[in-house]
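Here the sequence shown stands for residues 893 to 974, where the numbers follow our numbering. Notes to accompany the following structure.
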Amino acid sequence: MEVEAAKALGAGIKALGAGIAVIALFGVGLGIGNIFSSLITSVARNPAARDAVFPIGILGFALTEAVALFALLIAFLILFTT
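Here it is as structure tokens:
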């Protein structure tokens with residue numbers, strides 16, 4: 893009986909750890925929204941600067957999305973490793 897309780901507790905702790913790892917996705921959503929909001933604002937103010945600003949915005953999006961994928965990977969590793 894004690895072994896089964898320990899296994900259940902371990903599964904609960906794993907799920908809690910994965911949930912905490914996914915909290916980073918909230919920050920990623922805010923970051924992506926902020927990046928594209930700034931990109932749209934800057935192009936609306938100065939349309940001639942689009943060619944200089946757009947690649948920087950896409951780079952910021954890619955780096956922010958990489959953080960999201962890393963957080964998701966960590967959550968899956970916490971859940972599905974022994």
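Note that the Cβ used here is the ideal one computed from N, Cα and C, for glycine as well.
Can you give me the Cβ contacts of residue i inside the same chain, cut-off strictly under 8 Å, excluding the 5 residues immediately before and after it?
i: Ala-907; result: Leu-971
i: Phe-928; result: Gly-949 and Phe-953
Starting from residue i and walking both ways along the alpha helix (DSSP H), at which residues does that stretch end?
i: Pro-939; result: From DSSP, Pro-939 is part of no alpha helix (DSSP H); its letter is neither H nor E.
Quick one, are the C-beta atoms of residue i and residue j less than 8 Å apart?
i: Leu-917; j: Ala-958; result: no
i: Gly-949; j: Leu-931; result: yes
i: Ile-924; j: Phe-953; result: yes
Who are the near neighbours of residue i in its chain, counting only those whose CB is closer than 7 Å to its CB and skipping five residues on each side?
i: Glu-896; result: none
Using the Cβ count rule (16 or more neighbours within 10 Å means buried), how would you classify residue i?
i: Ala-903; result: exposed
Skipping 5 residues on each side, what residues in its chain have a beta carbon closer than 6 Å to that of residue i?
i: Ala-967; result: Ala-910, Ala-913 and Val-914
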